[in-house]
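Asker: Protein chains in written order, with my numbering: chain H, 1 to 510; chain E, 1 to 176. In this text, a Cβ means the ideal position worked out from N, Cα and C, and glycines have one as well. Below are the structure tokens for one structure; questions will follow.
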């Protein structure tokens, strides 16, 4: 129960992110209206955080009395989250400071506060991915959510942004209530345990006669986490919030919190509640099938690219839930978790790339709209940007040789190994369906006559984001081996808080 | 003696909780809620949880309720002070939800059973709460500070005067 100084090693990335957040906010007070300095500072700081996350790799085992784990899964995810924040920061400055003749989009936001909130959200997600106790799971989710509510509404001069923030806040608070009630029931049913390992052990000790409210607790926790992943039928907030939020925030929101909540889902359900999988397995199966089907079908009819990408992100959450289901199986835990990590990396690159181009095209329009029709005939004017967009769309659809293809391949093959063949069939059919609306943009860009040419003005930071995303997708699509090996190694080093895994944890005397 | 005190506070708590949901004016509801919280604080003391009792009064009955009252007094206009009456459908849904919660609580109580086992009398004292907070829950305690910091910065970022007044059509009415 004593404080072990070496525990601090496991939370070095979190400490660095919070320190960076405070530094950025304070710096803005000293140097006003020097946005480039703030952005460079944040980018440099996030690179350091990424390096720290990689350096603290494999400080495995529990720390802080089993509150957090610095295992492979959490360090991989921390590096990924820092990367997501990095690209989101890179694409933010030009969005927040529009050219003077454009329609004033993004004015009135102080960059230091914006970056600070982004970093605090990142810190919350880092806590969430390494949480091995219900208390830290809850705090991680709340820290992330509160920062995201603010980010969604940070352009409060726009009615849509305010609407997005309010909707997200009210529904998010409601979901938090579900989550917390579920946690309280789990705590009660397991005789006062909050640590995930101990919960798993306590449920095994209970034997076959488990109280009903144990199941209710598990169900309510699942609802809370499903909300954060935006899985059907808890997805209603996602399209409006994604559409109304500032676009860099949308890109960040659709990649980061999804990844973090999914990791928490794996840790809680595959880790602590494997004994109840007969109950939650079928529920997760249905949710996964519904999520990908509804996401894809509704995405087809969207006219606004932000809404289309929002529904597409719901569909991708469905594919990822297939992987989470496979991770609940002890035999396929490693391959499924590694597949999910690969998929999340690929998804983050292609999604952020697509959103960056969406910002550029919308900035070229005087009304700042995000219509899909604006992409008509774009290839003739902007061959490189169009090529990049086509690559992102092909990757999102999961066509080789892109990273999106291998992400799906790894996740689905793990699910087949785990025996979820019919679910994988549904997933593959859905992927085929999604090709329609992703390739529609490619067709618009290359094969349609231009109506009103969108003259895209490229900004250096935006170009950098697009190049990073495109190169990453090609690299992981042509040579997926390195990333897959790293993901595999990370997954095998997970502190599996399952009752059968012998994990050395400090004793709890309280 | 203790039993009598328990019965009185429990009854007052129940009655005032009932009043919270039946009063038509929000201000009355809030005042009854304060009374409920005070009764709960007394119950906490009787359970030996002094720290939680003190927090109940300082944080809930004190700070949060005063905040509620202020918001209500600042926001509400004359004549618009009553709740909107929900439709019958929503009423029944509410009953169903409340019944579900009661059912869960009942099954939980039933499986644990009511017993006379005395908990460790030290468990609710300030010192044991403090040592739990700074030993076992050290990390969550620190993370909570990040959470609060984020919330404070967020509130300021959202409501304060914007540095550059916006010229968009939507921004005119809200513009500073």
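For residue 488/H, write down the residues that DSSP places opposite it in a beta bridge.
Answerer: Per DSSP, none; premise fails for residue 488/H.
Asker: Report the neighbours of residue 10/E on chain H: residues whose CB is nearer than 7 Å to its CB, in chain order.
Answerer: Chain H residues near residue 10/E: none, gap ~21 Å exceeds 7 Å.
Asker: Could you say if the segment 390-399 of chain H and the segment 436-445 of chain H meet the contact criterion of at least three C-beta pairs nearer than 8 Å?
Answerer: The segment 390-399 of chain H vs the segment 436-445 of chain H: in contact.
Asker: How is residue 304/H classed by DSSP in three states: helix, strand or coil?
Answerer: The answer is strand: DSSP assigns residue 304/H an E or B state.
Asker: Thinking just about the alpha-carbon of each residue, which of 342/H, 287/H, 110/H and 382/H is nearest to the one in residue 255/H?
Answerer: The residue with the shortest Cα to Cα distance from residue 255/H is 342/H.
Asker: Considering only their Cβ atoms, is the gap separating residue 445/H from residue 378/H smaller than 7 Å?
Answerer: The answer is yes: Cβ separation under 7 Å.
Asker: Name the chain H residues that come within less than 7 Å of residue 138/E, Cβ to Cβ?
Answerer: Here the neighbours are 3 and 64.
Asker: Just the chain H side, please: which residues come within less than 7 Å of residue 151/E by C-beta, in chain order?
Answerer: Under the 7 Å cutoff, chain H gives 146.
Asker: Counting C-beta neighbours from all protein chains within 10 Å, is the total for residue 458/H 16 or more, i.e. buried, or is it exposed?
Answerer: Exposed is the call here.
Asker: Along chain E, in chain order, which residues have C-beta atoms closer than 7 Å to that of residue 224/H?
Answerer: Going along chain E, no residue has its Cβ under 7 Å from residue 224/H, so there is no contact; the nearest lies around 16 Å.
Asker: Comparing C-alpha positions only, which one of 465/H, 483/H and 267/H sits nearest to residue 132/H?
Answerer: Considering only alpha carbons, the answer is 267/H.
Asker: Only counting the same chain, and skipping five residues up and downstream in sequence, which positions put a Cβ closer than 6 Å to that of residue 310/H?
Answerer: Around residue 310/H: 238, 239 and 242.
Asker: Can you name the start and end residues of the alpha helix (DSSP H) that residue 127/E belongs to?
Answerer: Segment 126-134, the alpha helix (DSSP H) holding residue 127/E.
Asker: According to DSSP, which residues form a beta bridge with residue 68/H?
Answerer: For residue 68/H, which the question treats as bridged, DSSP gives the partners 63/H and 131/H.
Asker: What are the uninterrupted segments assigned as alpha helix (DSSP H) that are 4 or more residues long and contained completely in the segment 161-235 of chain H, given in chain order?
Answerer: Listed in chain order, they are 196-206 and 212-229.
Asker: Taking residue 179/H and residue 138/H to be in contact with their CB atoms under 8 Å, please state how far apart those CB atoms are, rounded to whole angstroms.
Answerer: Confirmed, Cβ separation roughly 7 Å.
Asker: Would you say residue 339/H faces chain E, with C-beta separation under 7 Å as the test?
Answerer: By this cut-off, residue 339/H is not an interface position.
Asker: What distance in whole Å lies between the Cβ atoms of residue 466/H and residue 357/H, which are believed to be in contact at a cut-off of 8 Å?
Answerer: About 7 Å separates the two Cβ atoms, so the contact holds.
Asker: Mind reading off the beta-carbon distance from residue 414/H to residue 326/H? Whole number of angstroms is fine, and I expect it under 8 Å.
Answerer: About 5 Å; that satisfies the 8 Å criterion.
Asker: DSSP on residue 445/H, reduced to helix/strand/coil?
Answerer: Residue state, collapsed to three classes: helix.
Asker: Compute the distance between the beta-carbons of residue 49/H and residue 82/H, then report whether it is under 7 Å.
Answerer: Yes, they are a contact pair.
Asker: Nearest-angstrom Cα distance between residue 420/H and residue 172/H?
Answerer: If I take the Cα positions, the gap works out to 31 Å.
Asker: Enumerate in chain order the residues of its own chain whose CB-to-CB distance from residue 53/E is below 7 Å, with the five nearest sequence positions on each side excluded.
Answerer: Excluding residues within five positions, the ones whose Cβ falls inside 7 Å are 41, 44 and 45.
Asker: Examine the Cβ distances between the segment 333-340 of chain H and the segment 481-490 of chain H and report whether three or more of them are shorter than 8 Å.
Answerer: Yes, since at least three Cβ pairs between the segment 333-340 of chain H and the segment 481-490 of chain H fall closer than 8 Å, the two stretches touch.
Asker: Starting from residue 123/H, find everything on chain E with Cβ-Cβ shorter than 9 Å and list it in chain order.
Answerer: Within chain E, the residues near residue 123/H are 143, 146 and 150.
Asker: Would you verify that the beta carbon of residue 127/E is, or is not, closer than 7 Å to some beta carbon of chain H?
Answerer: It does not; no Cβ of chain H falls within 7 Å.
Asker: What did DSSP end up calling residue 100/H once you bin it into helix, strand or coil?
Answerer: Only weak support is given to the placement of residue 100/H: the predicted model assigns it a pLDDT of 49, under 50, and the value that follows is read from those uncertain coordinates. Note: residue 100/H maps to coil in three-state DSSP.
Asker: Can you pull out the residues from the segment 193-215 of chain H whose beta carbon lies closer than 7 Å to at least one beta carbon of chain E?
Answerer: Per Cβ criterion, the list reads 211, 212 and 213.
Asker: On the criterion of 16 or more Cβ atoms from any shown chain inside 10 Å, does residue 233/H qualify as buried, or is it exposed?
Answerer: By the neighbour-count rule (16 or more Cβ atoms within 10 Å), residue 233/H is not buried but exposed.
Asker: Mind checking if residue 113/H is an interface residue toward chain E, Cβ cutoff 7 Å exclusive?
Answerer: Chain E contact via Cβ: present.
Asker: Excluding sequence positions up to five away, which residues of its chain have a Cβ less than 6 Å from the Cβ of residue 17/H?
Answerer: For residue 17/H, where only same-chain residues beyond five positions count, the Cβ hits under 6 Å are 49, 119, 122 and 123.
Asker: Going by Cα to Cα distance, which pick from 228/H, 155/H, 110/H and 187/H is closest to residue 272/H?
Answerer: Per the Cα distances, 187/H.
Asker: Taking the alpha-carbon of residue 150/H as reference, which of 168/H, 159/H and 134/H has the nearest alpha-carbon?
Answerer: Minimum Cα distance to residue 150/H is reached at 168/H.
Asker: Taking the alpha carbon of residue 215/H as the point to measure from, which residue in 8/E, 33/E, 107/E and 9/E has its own alpha carbon closest?
Answerer: Selected option, being the one with the closest Cα: 107/E.
Asker: I'd like to check one pair, residue 218/H with residue 329/H: are the Cβ atoms closer than 7 Å?
Answerer: No, the Cβ-Cβ distance between residue 329/H and residue 218/H is not below 7 Å.
Asker: Check for me: the alpha helix (DSSP H) holding residue 13/H runs from which residue to which?
Answerer: Unbroken alpha helix (DSSP H) run through residue 13/H: 12-30.
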